[in-house]
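Residues in the sequence shown are numbered from 99 upward in steps of one, following the working numbering.
All C-beta atoms, glycine included, are put in the ideal place defined by N, C-alpha and C.
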Amino acid sequence: MVSSLELIATCIVIPFSFFILQHILLSATKDEPPFVKGPFPFLGSAFAYLRDPQQFLHGLQKKYGPIFTVYIAGERMTFLADPKIGNRQVLNNRSSLSFLHFQQKYSQTFFGYTKSVAMDLDFQQKLIHQINTVMSSKPLLAEITQTIKTTYLGLIDNSRYAKCNGEVIDLYQFCRYNMYYSSARALFGPGFPFEEIYQPYLCFEDDLPKFARGYPRFLNSKGYTEQQKVLDELGSFVTDPSRIAQSSALIRSLYDICMASTHKSPADIAGFFFSVLLASKSNSIPAAFWTLANIVADAGVKAEIEEIIPKYYIAEKDDFDWNELQKVPLITSCFKETLRLYGNAVSTRQVMEDFTLRVGNPSDNNAKDMRLRAGSAVLMPMSMTHWNPDVYPTPMKWIGRRFMEENQGVWVHGGDKLHAYTPWGGGAYICPGRHLAFEEAVIQLVYVLSRFGIEPIKDIPSFVVDDRYGTGVFRPAKSYHVKFTARTVVAAPPQ
C-alpha cells in the first residue's frame with residue numbers, strides 16, 4: 099500500500115513538476131518582443147520586480163531597448179518605453195486592447211467595487227464617459243475650481259498661520275490637508291464626511307503598493323481595514339439625497355446614472371465614488387505640493403514667481419486673473435517639470451486578441467513588426483520615458499525652467515517629435531482631471547506665496563520609489579520643514 103507520506107510527496111511533486119516543465123517550455127517566437135521569463139517557475143521575475151521595479155525595468159530597457167516582455171506570476175507583461183509607438187498604436191487602439199478589462203483584475207480589491215459593478219464594463223464605461231463630459235466643460239469645471247479657491251483661501255486665512263512669524267511647519271502636511279479638504283468639498287459638497295474619512299484614507303494611501311501588488315488580506319489587514327472605513331462613510335454619504343444635492347455637477351450626475359441602473363445599492367455607489375476619490379486626490383495633491391515645494395527650494399525661480407503673482411492681482415475684485423496666471427510660461431514649465439520628475443503612473447491595456455506593433459520608424463529598414471499575444475498585458479510606465487537622459491538631460495534633477503521655449507534643445511531634446519511627455523496617459527482614457535490638477539496646483543501656489551513669506555530650512559526631500567513605483571505621483575521620503583511668516587501686504591496693486 100502507498101503510505102500517507104508517499105501520497106503527500108506525490109501530491110507535491112506532480113504539480114511542482116508541472117510548473118517546472120511549464121517554465122522550461124516558456125518562450126517567445128521571433129516575431130515577439132524580447133522575453134524575460136525569470137528564474138522561478140510560475141513566479142518568473144516577480145521577486146526582482148517587487149524588490150526594485152525601477153532598477154529592474156530600467157536595466158531591461160538598457161539591455162533590450164524600448165519594448166520587452168516580462169513573465170511575472172503567470173502573466174506576460176509587455177513593457178513599452180517608446181511613447182511614439184504607445185500614443186499611435188496602443189493608447190488609441192480600442193479594438194485589440196482594453197483598459198477596462200485590465201482594470202477589472204484589480205477593481206474589487208483596489209477600489210472596493212462590488213462584484214456586480216466590477217463585472218459590468220458597459221456601466222463603468224458610461225460613468226467614465228460622464229466624467230469626461232463634465233471635466234471637459236469649462237463652466238462646470240469653473241464651478242468646481244471656484245469652490246476650491248474659496249475653501250482654500252478660507253482655510254489659510256482663518257488658520258493659526260494667518261498671523262505667524264517664522265513658524266516652522268511641515269509643508270507637505272500643510273498642503274496635503276488644505277488641498278484635500280478644498281478639493282473634496284468642491285467635488286462632494288459641504289455634507290461630505292471629510293474628518294471621518296481623512297485619516298483612514300491616508301492610511302489606505304500608505305498601503306497602496308500592497309493593493310497594487312495584490313497582497314492577500316492577511317498581509318495587508320490594516321490597509322483593508324482603513325479602506326473599509328472609507329467605504330462605510332461613503333456608503334452613509336450616498337444614502338442621504340440632501341447631501342448629494344449639495345455636491346458638484348459631477349457627483350450628482352454620476353449618482354443619477356447609478357440610481358437609474360441596477361447598481362444602486364450604497365455599496366455599489368460607494369465603491370465607484372471611492373475610485374473618484376482616489377483619482378482626484380492621490381495624484382493631484384502630491385503634484386501640487388511638489389510644484390510649490392520645488393519653487394520654494396529654488397530661490398531664483400521663487401523670487402521671479404513672487405514678482406509675477408502681484409501683476410495679476412485685480413484690486414477691485416480682490417482676486418487674481420487666474421486665466422492669465424495659468425498662461426505664465428514659468429508657472430506652466432514648473433508644473434510640467436514636476437509631473438515629468440515625480441509622475442509615477444502606468445498606462446495599462448489588456449490584449450484582447452493577437453495584434454502587431456510596428457516598432458521603429460516606418461521609413462527605416464530596421465523597423466519590424468512585433469506580435470503581442472492575446473491575454474497578455476501592455477504597460478507603459480511614464481518614468482521610462484520621463485527619466486530618459488537622451489530626451490531630458492540631468493533627468494533626476496528638477497529644473498523649473500526646463501519646458502520654457504528658450505530651453506528647447508537645451509533641457510529637452512526632441513520631446514515634441516518623440517511624444518516624450520505623457521504624464522496623463524493618452525487615447526480615450528487620458529486623465530479627465532488633468533485640467534483640474536493644474537488649476538489646483540496654481541491655486542495653492544498663488545495663495546500660499548501671496549499670503550506667506552516662506553524660507554526653507556533644509557534641502558527639499560527626495561521621493562520614495564521602492565515599492566511605490568507605478569502607484570501614482572511619488573510621496574516625499576520625509577517632512578519638508580519651512581518657516582512661514584504672514585505677509586502684511588497680500589498682493590501689490592496692479593501697475
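Note that the region 294–311 does not touch the region 189–202; fewer than 3 beta-carbon pairs, one per stretch, sit closer than 8 Å. The C-beta distance from V394 to P554 rounds to 6 Å, short enough to meet the 8 Å contact threshold. Judged by pairs of C-beta atoms under 8 Å, the region 347–355 does not touch the region 530–542, as fewer than three such pairs exist. CA-to-CA, the gap between H579 and D150 works out to about 29 Å.
Counting C-beta atoms within 10 angstroms of its own C-beta, F166 has 16 or more neighbours from the protein chains shown and is therefore classed as buried. When secondary structure is reduced to three states using DSSP, F335 falls in the helix class. In its chain, beyond the 5 residues on either side, F387, P574 and Y578 have a beta carbon closer than 6 Å to the beta carbon of Y270. In this structure, Y567 sits near Q152, with a CB-CB distance shorter than 7 Å.
Within the same chain, and ignoring the five residues on either side of T569 in sequence, the residues whose Cβ sits closer than 7 Å to its Cβ are L306, P307, A310 and N442.
Excluding the 5 residues flanking it on each side, A518 has same chain C-beta neighbours closer than 6 Å at P181, T483 and V489, in chain order. Under the Cβ criterion (8 Å, minimum of three pairs), the region 202–221 does not count as touching the region 541–549. By alpha-carbon distance to C432, the top candidate from R500, T586, K135 and G264 is R500.
Classified as exposed, E293 has fewer than 16 neighbouring CB atoms from the shown chains inside 10 Å of its CB.
The criterion of a C-beta distance shorter than 7 Å is satisfied by P521 and L437. Cβ neighbours of R471 within its own chain (closer than 8 Å, five residues either side excluded): E130, R174, V449 and D452.
K247 has its alpha-carbon roughly 21 Å from the corresponding atom of I342. Our two residues, V562 and G473, have alpha carbons roughly 32 Å apart in a direct line.
F370: not part of any beta strand (DSSP E); member of the alpha helix (DSSP H) spanning P364 to K379, first to last residue.
As the crow flies, the alpha-carbon of M357 is around 33 Å from that of P384.
For N263, the pairing in a beta bridge is given by DSSP as T583. The alpha-carbon separation between T389 and Q244 amounts to approximately 20 Å. In the DSSP assignment, K466 falls within the unbroken beta strand (DSSP E) covering K466 to L470.
Excluding the 5 residues flanking it on each side, L238 has same chain C-beta neighbours closer than 6 Å at V232 and A347, in chain order. Taking a 10 Å sphere around the C-beta of T249, we find 16 or more other C-beta atoms and assign the residue as buried.
Of the other Cβ atoms in all chains shown, fewer than 16 fall within 10 Å of the Cβ of L317; this residue is therefore exposed. Within the region 137–194, the complete beta strand (DSSP E) segments at least 3 residues long are 165–170 and 173–178, listed from N- to C-terminus. Bridge partners of E402 according to DSSP: none are assigned. Straight-line measurement puts the Cα of T446 at about 12 Å from the Cα of N185. Between A144 and A171 a beta carbon distance of about 5 Å is seen, short of the 8 Å cut, so the two are scored as contacting.
Here G210 is not near Q297, since their CB atoms are 7 Å or more apart. Shown here, S445 sits in a strand according to DSSP, grouped into three states.
With a minimum length of 3 residues, the unbroken runs of beta strand (DSSP E) contained wholly in the region 514–562 fall at 550–554.
Residue V168 holds the alpha-carbon nearest to the alpha-carbon of F138 among G163, G157, V168 and H156. Excluding its 5 nearest sequence neighbours in each direction, A465 has C-beta neighbours in its own chain below 8 Å: R456, V457, G458 and N459, listed in chain order.
Shown here, S345 sits in coil according to DSSP, grouped into three states, outside any helix or strand.
Looking from the CA of F335, the closest CA among Y322, T323, P314 and F370 belongs to F370.
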